[in-house]
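Protein sequence lines, in the order shown, are assigned to chains A and B. Per the working numbering, the very first residue in the first sequence carries number 35; after that it's consecutive. Per the working numbering, the very first residue in the second sequence carries number 115; after that it's consecutive. Down below is the structure, laid out as structure tokens.
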Amino acid sequence: MSRSEHPIARLRGVSKIYGTTQALSDVDFSCFGGEIHAVLGENGAGKSTLMKLLAGVIQPTSGDIEVNNAVTRLTSPADAMVRGLVCMFQELSLVPDLSVRENLMLGAVGTGLGRLNASVVRSAQDILAQIDGGAIGMKTRVADLSLAERQQVEIAKALTRNPKLLILDEATSALNASVVEKVFRLIRAERDRGVGVLFISHRFHEIESLADRISIFRNGAHVETFDNGAYDYSAIISKMVGQRIDDLFPPKPPANPDAEEVLRVDGFSWTDKLRDISIVLRKGQITGLGGLDGQGQGSVLQGLFGLLKGTEGRCVVGGIPVTITHPKQAKNPKLGIALVPEDRKTEGLILQQSIARNLELAALGTDGIDASDVTIYQPFLDALELKCRSLDQPVGELSGGNQQKVALTKWLALGPRCMLLADPTRGIDVKTKTQIYALLRRLADSGVAILLVSTDYEELIHLCDEAHIFYQGRIVRHLTGNDVTAEAIIAASLNIPLPAQTSEAANG
Amino acid sequence: MGNLLRSNQREAIAILVLAVLLTLYLASHPSGPNTYVITIWANQCLILALAAIAQFFAVIVRGIDLSVGAVMALTNCVASYFVIGSGLDMALGIAAVLAVGVACGLFNGAVVVFGRIQPIVATLATASLFVGLALLLRPTPGGRIDYDLADAFTLDVFGIPTALIIAAAVIVLFWVPLRRTGLGLGLYAVGSSEQAAFQSGMPVPVIRLVSFAMGGLFAGLAGLYFSFVTTTGDAGIGPNYTLNSIAAVVLGGVALRGGVGTLTGAMAGAFILKTIGSLMFFSGLPPLAQPFIEGLILAGAIAIGGAGVLRVRNRLEVFGK
């Protein structure tokens with residue numbers, strides 16, 4: 035690790051004001067070449083604003099940005115890219131209707147509006163092959179890719195633009211552990227070549243394993259920068275939130291495998307995506323679905339919620355066999371199923387509409403519930419501490435964490451018997467995560483059965499009472515109690531036997 | 115190969131439908147399939163095809179252009195004054211006609227990009243402006259285009275209608291090369307996701323402006339070709355072509371939400387629409403029933419393009435793109 039002598043980019047007294055909101059106030063910040071610099075902070079702490087300034091998407095209200103020791107005005111992403119500042123955005127920068135190949139060529143170095151250059155496609159393919167993305171078809175439309183595949187393409191696209199400073203904003207949020215490790219290998223190689231890397235992630239273990247230095251932001255101000263390892267886990271968290279959070283996860287009550295069954299599926303299958311899935315959800319239990327991305331976990335939730343056509347298998351809710359063919363049937367109080375989808379921006383919320391209107395959506399058309407009655411939502415909004423100006427504010431203006439609170443609340447108000455959650459904490463800050471974890475545990479304690487798809491194995495370990503691990507549309511392992519360990523989850527995700535089991539087999 | 119066919123599914127369907135309709139038309143025409151019949155058909159189709167290309171450039175960047183017919187009327191009137199005389203006169207006249215088209219397109223683009231006005235409203239206003247100018251030039255139909263020049267563009271070369279050669283040239287010499295540039299890609303990027311295009315480092319306002327300018331150019335070409343076919347100037351030709359150009363791009367598989375479709379598809383849509391009209395004329399159907407049948411065929415053709423929805427196994431994909 036040879037850190038460059040001068041910073042590649044430097045902010046001096048930078049402030050950014052949106053209307054009446056101060057997103058960044060008087061920030062001094064430097065990033066050097068040959069160093070991986072993690073930026074930590076709650077949502078709304080100013081991390082994304084910082085990234086957007088460096089990427090040329092927005093310009094500072096006051097203060098200067100220096101690139102290579104010269105004060106520079108970054109007027110557009112193209113301008114920033116020419117100077118070697120390349121950003122991989124959390125809000126994906128891929129064009130959905132264009133193919134992977136076309137997206138890689140779009141805006142590539144030296145192309146502009148002129149002749150397209152196919153050489154970037156080849157180097158991007160090399161990069162994709164290194165991060166388990168080799169199977170992604172170059173002619174596939176980006177809209178047809180999974181979220182994880184899109185992130186892999188984003189990473190490849192950013193790396194083909196010869197970055198001097200690579201900015202990664204939640205670059206790995208939808209990727210599973212084994213791909214993340216490969217991406218990290220790539221990022222470390224870039225660092226060793228002298229590239230500076232600015233890295234935002236909400237996953238602590240990722241930052242711990244990757245970062246050389248860590249900067250903390252809080253409420254738009256730069257709090258502190260220190261070498262990785264200088265502080266422990268809980269000290270870092272308390273710097274971020276300004277108060278100590280003792281534990282990320284709420285304490286787990288003893289599992290109760292004999293609790294009353296709420297929902298049971300047997301031999302659930304759908305096209306070639308799901309094969310013979312059997313899951314039992316019990317009152318008060320949180321059941322996790324893990325595995326690599328796109329192994330069918332998400333389809334199980336959609337199938338149970340009546341979104342898939344042509345599903346097979348038996349489904350029993352509250353002791354009565356049912357065939358769920360429509361979300362309206364699923365959310366009916368007789369069944370009481372709720373689904374909080376994976377992509378809150380497109381599937382969970384209507385971003386232009388107000389918080390109040392969004393909250394009403396699930397309750398509308400449900401018997402016995404007055405959707406326009408704000409008091410049915412308020413307890414959940416209070417428990418989750420939703421931060422907003424008023425309920426008339428458009429949801430799109432909220433931070434990611436607060437958006438998710440709205441998406442959760444609209445279903446909680448129906449008092450569901452069974453909650454299906456697709457990666458509810460993806461790309462969300464630590465404080466909101468703890469709030470959501472605590473809420474889910476409280477819901478479980480009150481008798482709700484919860485089915486949770488997660489890409490973060492810490493959630494499966496610390497939050498869930500049991501976990502099913504998927505591989506190619508099948509459940510390959512069912513883990514309960516103390517068997518839910520990081521090693522067991524990763525091994526099952528890759529469909530390889532646990533090291534311990536291998537030795538047993540050898541002995542036997 | 116399967117992938118290629120799937121990604122061009124809309125265009126493939128459009129071309130198939132066109133082939134069927136053309137066969138029917140030629141079979142039902144009283145004088146049978148001869149060069150004369152095909153040339154007349156091709157000329158009519160090319161006018162609408164050029165108008166549809168003009169519409170395509172607005173729609174592809176998530177806009178719509180209600181001034182296509184108006185620009186045609188204006189350029190038609192300009193042509194009826196200047197495309198006559200010596201060879202040099204005519205060359206300058208044609209240049210002037212196309213320059214007027216480009217200027218109209220740039221004006222539309224500027225109102226949309228810098229005025230931040232929705233394309234549908236902006237072009238509704240500019241359409242009136244352009245027709246107003248055309249009426250000042252030609253209060254009543256009149257003027258003349260050089261007959262020899264008009265013949266050269268509207269007859270045939272060795273039995274192949276010149277109109278079809280022009281159509282092929284537009285695709286091969288203009289569209290295919292454009293598709294291989296950052297600009298060609300940028301049109302789709304801006305239409306599909308403006309934010310993603312911007313964050314990928316594309317100059318979004320420039321692309322949108324250029325797209326409208328190219329739309330103006332093709333509306334001008336449509337007006338010019340209309341002049342060759344009719345050899346006169348008429349300020350009242352607009353409204354019909356505007357609506358038909360929109361129907362043509364939709365028929366040709368161009369999504370009105372932007373970012374999807376091809377110029378070739380837009381042209382195919384125009385050929386289909388015109389062929390349906392011609393088919394009606396010789397069909398022997400009562401004239402009063404013809405608009406009804408024409409509409410039915412149009413609706414049917416569009417429904418075929420949407421038939422994929424029936425095969426969707428995940429209900430969410432019905433709402434997706």
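Using N, Cα and C, we set each Cβ at its ideal position, and we do this for glycine too.
Once DSSP output is grouped into helix, strand and coil, what is the label at residue i?
i: V544 of chain A; result: Given a span of 35 to 542 for chain A in the structure shown, any question on residue 544 of chain A remains unanswerable.
i: M139 of chain A; result: helix
i: E258 of chain A; result: strand
i: C159 of chain B; result: helix
i: F570 of chain A; result: It is not possible to answer for residue 570 of chain A, since the shown part of chain A is limited to 35 through 542.
i: F244 of chain B; result: helix
i: H512 of chain A; result: strand
i: Y505 of chain A; result: strand
i: A540 of chain A; result: Note on A540 of chain A: pLDDT 38, under 50, position unreliable in the model; no value is reported.
i: G257 of chain B; result: coil
i: F406 of chain B; result: helix
i: T237 of chain B; result: helix
i: K435 of chain B; result: Low confidence applies to K435 of chain B: its pLDDT is 40, below 50, so where it sits in the model is not reliable, and the reading given next is rough at best. Reduced to three states, the DSSP call for K435 of chain B is coil.
i: M115 of chain B; result: The predicted model places M115 of chain B with a pLDDT of 42, which falls under 50 and marks its position as unreliable, so this point remains unresolved.
i: H360 of chain A; result: coil
i: H40 of chain A; result: coil
i: Q535 of chain A; result: Below a pLDDT of 50, predicted positions are generally treated as unreliable, and Q535 of chain A, at 46, falls in that range; the measurement from the model is reported next regardless. Looking at Q535 of chain A - three-state DSSP - the assignment turns out to be helix.
i: F171 of chain B; result: helix
i: I320 of chain A; result: strand
i: P413 of chain A; result: helix
i: L308 of chain A; result: strand
i: D113 of chain A; result: helix
i: R176 of chain B; result: coil
i: L129 of chain B; result: Looking at the sequence itself, residue 129 of chain B is Ile, so the reference to Leu does not match. DSSP places I129 of chain B in helix when its eight states are reduced to three.
With which residues is residue i paired in a DSSP beta bridge?
i: K50 of chain A; result: A:L58
i: R429 of chain B; result: Its beta-bridge partners do not exist; DSSP assigns none.
i: T389 of chain B; result: According to DSSP, which records beta bridges pairwise, T389 of chain B is partnered with nothing at all.
i: R252 of chain A; result: A:A255
i: M374 of chain A; result: For the record, residue 374 of chain A in the displayed sequence is Val; it is not Met. A:L455.
i: A104 of chain A; result: A:V101
i: H239 of chain A; result: Per DSSP, none; premise fails for H239 of chain A.
i: L232 of chain A; result: A:H71, A:I201
i: C65 of chain A; result: A:A43
i: V120 of chain A; result: A:L200
i: S303 of chain A; result: A:E346
i: G325 of chain A; result: A:F504
i: V351 of chain A; result: A:L297, A:I354
i: P275 of chain B; result: B:D270
i: L369 of chain A; result: DSSP output for L369 of chain A lists no bridge partner at all.
i: T400 of chain A; result: DSSP lists no partner for T400 of chain A.
| request: Could you list the residues in the segment 332-360 of chain A with a C-beta less than 7 Å from some C-beta on chain B, going in chain order? | output: Q336, L341, L342, K343, G344
| query | Counting pairs of Cβ atoms below 8 Å between the segment 228-248 of chain A and the segment 414-428 of chain A, do you hit three or more? | reply | no
| said: Quick check: the segment 362-373 of chain A against the segment 317-333 of chain A, are at least 3 beta-carbon pairs closer than 8 Å? | reply: no
| query | Taking three-plus beta-carbon pairs below 8 Å as touching, is the segment 187-199 of chain B in contact with the segment 380-392 of chain B? | reply | no
| query | Going along the chain, which residues of the segment 213-246 of chain B sit with their C-beta nearer than 7 Å to a C-beta in chain A? | reply | none
| query | Given 8 Å as the limit, is there contact between the segment 169-177 of chain B and the segment 349-367 of chain B, that is, 3 or more CB pairs closer than that? | reply | yes
| message | Threshold first: 3 residues or longer. Then list the beta strand (DSSP E) segments lying entirely within the segment 450-485 of chain A, N to C. | response | 452-456
| request: Please name the residues in the segment 136-157 of chain A whose beta-carbon is closer than 7 Å to at least one beta-carbon of chain B, in chain order. | output: The residues in question are E136, M139, L140, G141, T145, G146, L147, G148, R149, L150.
| Would you call the segment 210-227 of chain B and the segment 331-346 of chain B touching, i.e. three or more CB-CB distances under 8 Å? | With a cut-off of 8 Å, the segment 331-346 of chain B and the segment 210-227 of chain B count as touching, because enough Cβ pairs lie within range.
| request: Would you list, in sequence order, the uninterrupted alpha helix (DSSP H) runs of no fewer than 4 residues that lie entirely inside the segment 141-205 of chain A? | output: 153-164, 181-193
| query | According to a CB-to-CB cut-off of less than 8 Å, which residues of the segment 302-323 of chain B neighbour chain C? | reply | Given the protein chain composition of this structure (A and B), no chain C is represented.
| query | Should the segment 195-215 of chain A be regarded as contacting the segment 489-509 of chain A, the criterion being three or more beta carbon pairs within less than 8 Å? | reply | By the Cβ criterion, the segment 195-215 of chain A is in contact with the segment 489-509 of chain A, since at least three pairs of Cβ atoms, one from each stretch, lie closer than 8 Å.
| task | Check distances from the C-beta atoms of the segment 277-305 of chain B to those of chain A and list, in chain order, the residues that come in under 7 Å. | result | R294, T295, G296, L297, L299, G300, Y302, A303
| Ordered list of alpha helix (DSSP H) runs contained in the segment 320-401 of chain B, each at least 4 residues | 352-365, 377-395
| message | Closer than 9 Å between beta carbons: that is the criterion. Which residues of the segment 461-478 of chain A meet it against chain B? | response | none
| field | Residues within the segment 363-374 of chain B neighbouring chain A, beta-carbon criterion of under 9 Å | value | A369, G372, G373, V374
| What are the residues of the segment 116-128 of chain A that lie near chain B, defined by any Cβ-Cβ distance shorter than 8 Å? | Hits within the stretch, in order: C121, F123, E125, L126, S127, L128.
| Members of the segment 91-114 of chain A that neighbour chain B once the beta carbon cut-off is set at 9 Å | Answer set for the segment 91-114 of chain A: V91, S110, P111, A112, D113, A114.
| field | Three or more C-beta pairs below 8 Å linking the segment 227-242 of chain A and the segment 176-184 of chain A | value | Verdict: no, contact absent.
| query | Between the segment 181-195 of chain B and the segment 290-309 of chain B, do three or more beta carbon pairs fall short of 8 Å? | reply | no
| If we count Cβ pairs, one from each stretch, closer than 8 Å, do we get three or more for the segment 242-259 of chain B versus the segment 343-353 of chain B? | yes
| field | the segment 296-306 of chain A in contact with the segment 338-353 of chain A per 3-pair CB rule at 8 Å | value | yes
| task | Count the C-beta pairs between the segment 256-268 of chain B and the segment 334-344 of chain B that are closer than 8 Å, then say yes if the count reaches three, no if not. | result | yes
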